[in-house]
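*Asks:* Per my numbering, the very first residue in the sequence shown carries number 660; after that it's consecutive.
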Amino acid sequence: MKSLLHPWFFLSFCLFLLSLSPACRIPLPDEPEIVDCRCQIWDWSNYDVPINTWPVGAVFASDSFRIDSETDPHAVTNAGNKLRFYLDPIRPTPPPEADNRFNMRAEIQTEPWDVQHPLGTEQWLGWRYTFGDNYRIDPTAPIVIFQNHPRVPGHPPLFSLEIAAYHRPTPAVGGEIQVINDVEEDRIVYPVKPMAGDQLDVVIHVVFGLEDSGKLQVWLNGTLYYDFSGATVYEGYEWGGRNKWGIYHHLHRDSTAVANSLAAGVPDMELFMGPLKMIQRDSSDPEYLQDAYLRVRPDAE
């Protein structure tokens with residue numbers, strides 16, 4: 660009898676020890692799913708997105724994310740297993756104490772907001788955007804839909820994805836996705852132009868590093884469009900920043916820009932974000948710098 664029980668006891672004990680390992684811990688009910696012990700998945704249907712509190716921003720998903728909206732409290736909401744981002748520049752009316760006169764931001768960001776990822780940190784990110792059924796291209800103003808921001812005074816994000824406006828930059832006609840690498844002052848428009856109801860699959864691979872060690876790759880709808888090796892952090896500010904998803908209409912600080920968007924027939928914007936997959940490694944990880952595209956790419960729906 661002992662010879663039959665012993666293997667099961669040994670197996671149970673090993674599983675117990677494995678569950679205690681920080682790299683492969685069994686998640687609690689309100690934590691993101693852990694896949695193959697390195698890839699985390701945030702299925703938004705598992706989390707209640709709170710009404711936002713401006714200007715601090717409400718946290719959710721086990722304090723992994725913070726809402727960054729300016730200033731609509733319902734700019735980010737649940738929509739099944741997706742997040743819904745909605746931005747109307749004039750409704751609701753921003754409070755008198757707001758920094759700007761118009762609503763210009765409906766985003767979430769990783770917590771903590773002031774993170775400084777050390778040189779060598781590697782990230783793989785994968786998610787799917789779905790553009791609202793009433794989405795209209797705004798030819799008058801570019802719109803940021805993803806950014807990594809290091810919070811360096813006077814510096815823009817390290818890199819971002821933006822919907823181009825007409826000739827912003829040339830040769831864009833409006834609506835194309837552009838990759839912006841501000842460390843290299845690089846801005847490239849690609850022939851990916853989502854329309855109403857379309858999906859945009861995004862995978863980003865970054866290694867925060869200096870000229871000899873940095874890496875940035877961007878796949879759009881399964882195609883590797885941007886493949887860069889070089890510095891991915893600012894000189895003198897050598898760290899990676901927090902990731903932000905959603906809608907950032909940065910020109911809408913100005914009443915003329917808002918009037919131009921309205922005149923172009925673009926009164927608002929709606930964008931949905933599906934489950935997020937993320938892998939983060941440092942040089943001590945045995946899989947450091949190994950290809951993880953297939954593990955983070957968005958799943959078919």
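We put the CB at the ideal spot given by N, CA and C, even for glycine.
Once DSSP output is grouped into helix, strand and coil, what is the label at Trp703?
*Replies:* Here residue 703 refers to the residue found at position 44 when the sequence shown is read from its first residue. It is helical.
*Asks:* Please state whether DSSP places His909 in a helix, a strand or coil.
*Replies:* Within the sequence shown, residue 909 is the residue found at index 250, counting from 1. Helix.
*Asks:* Can you name the start and end residues of the beta strand (DSSP E) that Asn737 belongs to?
*Replies:* By one-based count along the sequence shown, residue 737 stands at place 78. Start and end: Val735 to Ala738.
*Asks:* Grab the span of the alpha helix (DSSP H) containing Asn793 for me, first residue to last.
*Replies:* In the sequence shown, the residue the question calls residue 793 occupies position 134. Run containing Asn793: none; DSSP gives neither H nor E here.
*Asks:* Does DSSP put Ala720 in a helix, in a strand, or in coil?
*Replies:* Position 61 of the sequence shown, counting from 1, holds the residue named residue 720. It is coil, neither helix nor strand.
*Asks:* Report the residue from Ile906, Thr891, Gly924 and Asn919 whose alpha carbon sits nearest the alpha carbon of Val735.
*Replies:* Your numbering for residue 735 matches position 76 in the sequence shown. Checking every option, the nearest Cα to that of Val735 belongs to Ile906.
*Asks:* When you compare only the Cα positions, how much space is there between Gly779 and Phe790?
*Replies:* Numbered from its first residue, the sequence shown carries residue 779 at position 120. Numbered from its first residue, the sequence shown carries residue 790 at position 131. Answer to the nearest angstrom: the Cα atoms are 34 Å apart.
*Asks:* Pull up the DSSP beta-bridge partners for His808, would you.
*Replies:* For the purposes of this step, residue 808 is taken as the residue at position 149 of the sequence shown. Paired residue(s): Arg901.
*Asks:* Please list the terminal residues of the continuous alpha helix (DSSP H) segment that includes Ala765.
*Replies:* For the purposes of this step, residue 765 is taken as residue 106 along the sequence shown, with counting starting at 1. First-last for Ala765: Arg764 to Thr769, but that is the beta strand (DSSP E), not the alpha helix (DSSP H).
*Asks:* Could you tell me which of Leu879, Gly716 and Arg810 sits nearest to Tyr952, measuring between CA atoms?
*Replies:* Mapped onto the sequence shown, residue 952 falls at position 293. Residue Leu879 is the option with its Cα nearest to Tyr952.
*Asks:* I'd like to check one pair, Val862 with Gln876: are the Cβ atoms closer than 9 Å?
*Replies:* Indexing the sequence shown from 1 puts residue 876 at position 217. Indexing the sequence shown from 1 puts residue 862 at position 203. The answer is yes: Cβ separation under 9 Å.
*Asks:* Give the range of the beta strand (DSSP E) segment to which Tyr825 is assigned.
*Replies:* For the purposes of this step, residue 825 is identified with residue 166 of the sequence shown, where counting begins at 1. Tyr825 -> no beta strand (DSSP E), and no H or E assigned at all.
*Asks:* Pop quiz: Pro816 and Val848 are said to be a contact at Cβ under 8 Å. What is the actual Cβ separation, rounded to whole angstroms?
*Replies:* Counting from 1 along the sequence shown, the entry for residue 816 is found at position 157. Counting from 1 along the sequence shown, the entry for residue 848 is found at position 189. In fact, because the Cβ distance is near 17 Å, the residues do not count as touching under 8 Å.
*Asks:* Of the residues Asp702, Trp772 and Asn711, which one's Cα is nearest the Cα of His733?
*Replies:* As a first step, residue 733 is located in the sequence shown; it is residue number 74 there, counting from the start. Ranking Asp702, Trp772 and Asn711 by Cα distance to His733 puts Asn711 first.
*Asks:* Note the first and the last residue of the continuous beta strand (DSSP E) segment covering Thr882.
*Replies:* The sequence position of residue 882 within the sequence shown is 223, counting from 1. Residues Thr882 to Ser888.
*Asks:* Hey, out of Pro748, Val865 and Glu781, whose CA is closest to Arg760's CA?
*Replies:* Within the sequence shown, the letter at position 101 stands for residue 760. Nearest C-alpha to Arg760: Pro748.
*Asks:* Give the DSSP bridge partners of Arg940, in chain order.
*Replies:* For the purposes of this step, residue 940 is taken as residue 281 along the sequence shown, with counting starting at 1. Answer is Glu781, bridged to Arg940.
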